[in-house]
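> Be aware that the sequence shown starts at 20, since it is given in this note's numbering, and climbs by one per residue.
Note that the Cβ used here is the ideal one computed from N, Cα and C, for glycine as well.
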Amino acid sequence: MLPKIDVGALNLIKSEIDVSLAQIEGALSTFVEDNSNNGPLAESIEAMEQVYGALRLIDIHGASELAEVLFALLRQVNDFQEKTPDAYYSALGNGMMVLARYLEYVQIKAVNLPQLLIPSINEARQVLMLPLLGEGYFLDVPCLPDANIGHPLSIDHAQAIVLAKRIRLMYQIGTIGLLRDQAQPVHFRLMRRALERATQLCTGKPLALLWWVGEAALEAFSQGVSLNPARKILLAQLEQQLKLLVLPQGVNQPIEMTVLANCLAVVGLGETGAKVQEVQRAFDLASSCISQTQLQIQHNSMFGPGGSVIKTVAAVLKDEIAHIKDVLDVVARGSQQEEESYQTVAEDIKKSSQTLTMLGLNDVSQAMRRQADIVVKWTDLPSEQALNVLVDILLQADNAVATLDKEMTPGAQTVINNNRISLHQLDEARTMLVAESRAGLSLVKRAVLSYLETKGEDPMHLTNIPATLQSTSGGLEFLLIPRGAQILRSAASFMDAWSTSKKMPAMNIVETFADAIACVDYYLESLEINKPVSENVFDIGEDSVAELGYPVNNRRAA
Numbered sequence: 020m021l022p023k024i025d026v027g028a029l030n031l032i033k034s035e036i037d038v039s040l041a042q043i044e045g046a047l048s049t050f051v052e053d054n055s056n057n058g059p060l061a062e063s064i065e066a067m068e069q070v071y072g073a074l075r076l077i078d079i080h081g082a083s084e085l086a087e088v089l090f091a092l093l094r095q096v097n098d099f100q101e102k103t104p105d106a107y108y109s110a111l112g113n114g115m116m117v118l119a120r121y122l123e124y125v126q127i128k129a130v131n132l133p134q135l136l137i138p139s140i141n142e143a144r145q146v147l148m149l150p151l152l153g154e155g156y157f158l159d160v161p162c163l164p165d166a167n168i169g170h171p172l173s174i175d176h177a178q179a180i181v182l183a184k185r186i187r188l189m190y191q192i193g194t195i196g197l198l199r200d201q202a203q204p205v206h207f208r209l210m211r212r213a214l215e216r217a218t219q220l221c222t223g224k225p226l227a228l229l230w231w232v233g234e235a236a237l238e239a240f241s242q243g244v245s246l247n248p249a250r251k252i253l254l255a256q257l258e259q260q261l262k263l264l265v266l267p268q269g270v271n272q273p274i275e276m277t278v279l280a281n282c283l284a285v286v287g288l289g290e291t292g293a294k295v296q297e298v299q300r301a302f303d304l305a306s307s308c309i310s311q312t313q314l315q316i317q318h319n320s321m322f323g324p325g326g327s328v329i330k331t332v333a334a335v336l337k338d339e340i341a342h343i344k345d346v347l348d349v350v351a352r353g354s355q356q357e358e359e360s361y362q363t364v365a366e367d368i369k370k371s372s373q374t375l376t377m378l379g380l381n382d383v384s385q386a387m388r389r390q391a392d393i394v395v396k397w398t399d400l401p402s403e404q405a406l407n408v409l410v411d412i413l414l415q416a417d418n419a420v421a422t423l424d425k426e427m428t429p430g431a432q433t434v435i436n437n438n439r440i441s442l443h444q445l446d447e448a449r450t451m452l453v454a455e456s457r458a459g460l461s462l463v464k465r466a467v468l469s470y471l472e473t474k475g476e477d478p479m480h481l482t483n484i485p486a487t488l489q490s491t492s493g494g495l496e497f498l499l500i501p502r503g504a505q506i507l508r509s510a511a512s513f514m515d516a517w518s519t520s521k522k523m524p525a526m527n528i529v530e531t532f533a534d535a536i537a538c539v540d541y542y543l544e545s546l547e548i549n550k551p552v553s554e555n556v557f558d559i560g561e562d563s564v565a566e567l568g569y570p571v572n573n574r575r576a577a
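(1) Given a cut-off of 8 Å on the beta-carbon distance, is the pair LYS550 and ASN30 in contact?
(2) Quick check: the Cα distance between GLU154 and SER553, rounded to an integer number of angstroms?
(3) I need the DSSP call for VAL592, collapsed to helix, strand or coil.
(4) Would you tell me roughly how many angstroms separate the C-alpha atoms of CYS221 and PHE302, rounded to the nearest one?
(5) What's the call for GLU455, buried or exposed, on a 16-neighbour Cβ count within 10 Å?
(6) Could you work out which residue in MET523, ILE548, ILE506 and VAL529 is closest to ALA565 when comparing CA atoms only?
(7) Using the beta-carbon count (16 or more within 10 Å), is ASN141 buried or exposed?
(8) Mind listing, in chain order, the continuous alpha helix (DSSP H) runs of no fewer than 4 residues lying wholly within the segment 46–99?
(9) Give me the Cα-Cα distance between ALA421 and LEU336, rounded to the nearest whole angstrom.
(10) Determine the closest residue to LEU279 out of GLY289, VAL232 and LEU237, with distance taken between C-alpha atoms.
(11) Specify the secondary structure class of THR207 as computed by DSSP and reduced to three states.
(12) Roughly how far, in whole angstroms, is the beta-carbon of ILE340 from the beta-carbon of ASP417, given that I think they are within contact range, below 8 Å?
(13) As a quick exercise: from LEU182, LYS262 and ILE368, pick the residue whose alpha carbon is nearest that of HIS342.
(14) Exposed or buried, what is PHE157 when buried is set at 16 or more other beta-carbons lying within 10 Å of its beta-carbon?
(15) Can you check the segment 254–301 for any alpha helix (DSSP H) of at least 4 residues that lies completely inside it and give the ranges in chain order?
(16) How about ILE79 and VAL125: do their beta carbons lie closer than 8 Å?
(17) Nearest CA to the CA of ALA380: which residue from LEU400, ALA419 and ASP348?
(18) Excluding the 5 residues preceding and the 5 following ILE24 in the sequence, name in chain order all residues of the same chain whose CB lies nearer than 7 Å to its CB.
(19) Leaving out five residues before and five after SER509 in sequence, what residues of the same chain have Cβ atoms less than 6 Å from its Cβ?
(20) Taking TYR541 as the reference, give the member of PRO524, GLY560, MET526 and THR531 with the closest Cα.
(21) Roughly how many angstroms separate the alpha carbons of ALA576 and PHE557, rounded to a whole number?
(22) Beta-carbon separation of LEU375 and VAL364 under 8 Å?
(23) Suppose you measure from the CA of ILE309 to the CA of GLY287; what does that come to, to the nearest Å?
(24) Taking all protein chains shown into account, do 16 or more other C-beta atoms lie within 10 angstroms of the C-beta of GLU476, making it buried, or fewer, making it exposed?
(25) Measure how close the beta-carbons of MET387 and SER372 come, nearest whole angstrom, since I'm counting them as under 8 Å.
(26) So, ALA239 versus GLY289, is the Cβ gap smaller than 8 Å?
(27) Between GLU258 and GLN191, how many whole angstroms is the CB-CB distance? I'm expecting something under 8 Å.
(28) Specify, as a first and last residue, the run of the alpha helix (DSSP H) that MET387 falls within.
(29) Output yes if chain B places a C-beta closer than 8 Å to the C-beta of ILE174; else output no.
(30) Between which two residues does the alpha helix (DSSP H) containing THR579 stretch?
(31) Please identify the residue among LYS224, PRO478, GLU52 and THR194 whose C-alpha is closest to the C-alpha of ALA213.
(32) Determine the closest residue to ILE168 out of LEU151, GLN219, SER63 and ARG94, with distance taken between C-alpha atoms.
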């Protein structure tokens, strides 16, 4: 399960960050072409500082750290001027590209996987000659489980020192063989045995957890987690920790939390193995880590075609499928049955199937190709069953494209349980319902303003407001916005009492009512522009109607 986050704050500033990154890239290009022109470079430093500050403010882990090192790189470029090494420009170019891609990924997927950024952060840190970040840098380890793992050994201090030396030698032999023979299972088994014995030696001590987690990391490697250079360094760090066991009071040494976190990050990538799953449960890694397979999928998604490219291709494909449907509609009415028209339809279907393949929609693409092979053989009016099968396949293709398009649109999530309904039509209905709901709220605002202009002497302006609020709340239920719907129902009850009393309330009461309406309208507007904000805005509306004396039912705990 991917760790979901609230991207409402990112939606508010994403466009400004994109503009800033584009300006920085342009300024760097200008500086590279003409080193004597320092003006654009100074502006780019200021812009990157603002990007870094904004990302740190909204707490997008990984993105703020990457922006920070990019800011440091730009300052050093300003210091070096024309003597700037090429490595700085390479790290800057790659880092800004990755940052832009990652922010788009976070905005669309509403997940935060800062581990995707570690390679780019480390590239910049290496240029800056700073220590590299480990894989567990972003992993939160709030508390450690019980260190009483296994049964303690009944040995004296001298025997413990002898055993510690043997454990370290066993681990070293396995590590040397591992590096020489490229991760053969036999070497992992020897190293795991060494850490298993180390766990027994340190049972009840904090260090026991490190060996226990290290053993799980080795199991993850043996089960398929890739062994890259950074992870080979991690194995060497474990060997250095084993070296401490031969020291006086070595078993009482505190845990090196950096090494533990890096081992946990590796364990989090594992998908099988009893020890891996045991450690994952003990440290609740499922809430912050994903498997290596999932991580690769997310990496491919982040670095694949950008959202704008996919949306453009999807729009073209939607038009192609719509054209095929129009031709079939003509055929079904018997207005056009020439063999050439069937040939054209078959070619159009085949062309669309190729585009579907490019978008990675292979299953529906194959179904389209099979239909193209059938249609090309038509000579007379096809049977109703044959037409229905083709229309069903076209609907599948249309919905597959719509789903892909929605995956590239922040907050656009339509739950569909009937596969025979067009997603495009549902989206159009949803867009219309959002617009109608906002129109209803605008009508309420105008009616209240008109009432206030009469100084409360014409209550007829308020007559239709309760019904309007109730109908709009029904629309919000269809839009799956229950909190907004409850606020409007409470506001309708208040307005019903207001209009019945025919007395103008105090202005602070009117303003509180307006606050409730404004927060719902604000949320709807964010949906209208595909930049959804956090549902926290409904807290304001719920507070407002509660102050009016009409609290919502089942309000969330603060």
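Once the coordinates are examined:
(1) As a position in the sequence shown, residue 550 is number 531, starting the count at 1. As a position in the sequence shown, residue 30 is number 11, starting the count at 1. Yes, they are a contact pair.
(2) Looking up residue 154 in the sequence shown gives position 135. Looking up residue 553 in the sequence shown gives position 534. In a straight line, the C-alpha of GLU154 is about 30 Å away from that of SER553.
(3) With the chain covering only 20 through 577, there is no way to say anything about residue 592.
(4) In the sequence shown, residue 221 corresponds to position 202, counting from 1. In the sequence shown, residue 302 corresponds to position 283, counting from 1. Approximately 19 Å, taken between the alpha carbons.
(5) The residue labelled residue 455 in the question sits at position 436 within the sequence shown. Exposed, since its Cβ has fewer than 16 Cβ neighbours within 10 Å.
(6) Position 546 of the sequence shown holds residue 565. Minimum Cα distance to ALA565 is reached at ILE506.
(7) Translated into positions along the sequence shown, residue 141 becomes position 122. Under this definition ASN141 is a buried residue.
(8) Secondary structure within the segment 46–99: the alpha helix (DSSP H) runs of 4 or more consecutive residues, fully enclosed, are 58–77 and 82–99 (chain order).
(9) Counting from 1 along the sequence shown, the entry for residue 421 is found at position 402. Counting from 1 along the sequence shown, the entry for residue 336 is found at position 317. Between ALA421 and LEU336, the C-alpha separation is close to 10 Å.
(10) As a first step, residue 279 must be located in the sequence shown, where it is residue number 260. Ranking GLY289, VAL232 and LEU237 by Cα distance to LEU279 puts VAL232 first.
(11) Residue 207 sits at position 188 when you count from the first residue of the sequence shown. Reading off the sequence shown, one finds Phe at residue 207, where the question assumed Thr. Here PHE207 sits in helix by DSSP.
(12) Residue 340 sits at position 321 when you count from the first residue of the sequence shown. Residue 417 sits at position 398 when you count from the first residue of the sequence shown. Indeed, because the Cβ distance is near 5 Å, the residues count as touching under 8 Å.
(13) For the purposes of this step, residue 342 is taken as residue 323 along the sequence shown, with counting starting at 1. For the residues LEU182, LYS262 and ILE368, the minimum Cα distance to HIS342 belongs to ILE368.
(14) Locating residue 157 in the sequence shown gives position 138, counting from the first residue. Buried, because 16 or more other Cβ atoms sit within 10 Å of the Cβ of PHE157.
(15) 276–288 and 293–301
(16) By 1-based counting over the sequence shown, the position of residue 79 is 60. By 1-based counting over the sequence shown, the position of residue 125 is 106. Yes.
(17) One-based indexing of the sequence shown puts residue 380 at position 361. For the sequence presented, residue 380 should be read as Leu rather than Ala. With distances taken between Cα atoms, LEU380 lies closest to ALA419.
(18) Translated into the one-based positions of the sequence shown, residue 24 becomes position 5. Excluding sequence neighbours, ILE24 sits near ALA129, VAL130 and ASN131.
(19) Reading the sequence shown from its first residue, position 490 is the one you call residue 509. Around SER509: VAL564, TYR569 and VAL571.
(20) The sequence position of residue 541 within the sequence shown is 522, counting from 1. Of the candidates PRO524, GLY560, MET526 and THR531, the one whose C-alpha sits nearest the C-alpha of TYR541 is GLY560.
(21) Residue numbering aside, residue 576 sits at position 557 when the sequence shown is read from its first letter. Residue numbering aside, residue 557 sits at position 538 when the sequence shown is read from its first letter. With a pLDDT of 42 at ALA576, under the threshold of 50, the modelled position of this residue cannot be trusted; read the value that follows with caution. Near 12 Å, if we compare the C-alpha coordinates of PHE557 and ALA576.
(22) Along the sequence shown, one-based indexing puts residue 375 at 356. Along the sequence shown, one-based indexing puts residue 364 at 345. Against a cut-off of 8 Å, the Cβ pair of VAL364 and LEU375 comes out as no contact.
(23) Stepping through the sequence shown from its first residue, residue 309 is reached at position 290. Stepping through the sequence shown from its first residue, residue 287 is reached at position 268. Each residue's alpha carbon lies about 6 Å from the other.
(24) Counting from one through the sequence shown, the residue named residue 476 turns up at place 457. With fewer than 16 other Cβ atoms within 10 Å, it is exposed.
(25) Sequence index remark: in the sequence shown, residue 387 carries index 368 (1-based). Sequence index remark: in the sequence shown, residue 372 carries index 353 (1-based). Between SER372 and MET387 the Cβ distance is about 4 Å, and since that is below 8 Å, they are a contact.
(26) Along the sequence shown, one-based indexing puts residue 239 at 220. Along the sequence shown, one-based indexing puts residue 289 at 270. Yes. Within cutoff.
(27) Taking the sequence shown and counting its residues from 1, the one referred to as residue 258 is at position 239. Taking the sequence shown and counting its residues from 1, the one referred to as residue 191 is at position 172. Correct: roughly 6 Å between the Cβ atoms.
(28) As a first step, residue 387 must be located in the sequence shown, where it is residue number 368. Residues 381–394.
(29) In the structure shown, chain B cannot be found, because there is only a single protein chain.
(30) With the chain covering only 20 through 577, there is no way to say anything about residue 579.
(31) As a position in the sequence shown, residue 213 is number 194, starting the count at 1. When only C-alpha atoms are compared, the closest one is THR194.
(32) The count along the sequence shown starts at 1 and reaches residue 168 at position 149. Out of LEU151, GLN219, SER63 and ARG94, GLN219 has the C-alpha closest to the C-alpha of ILE168.
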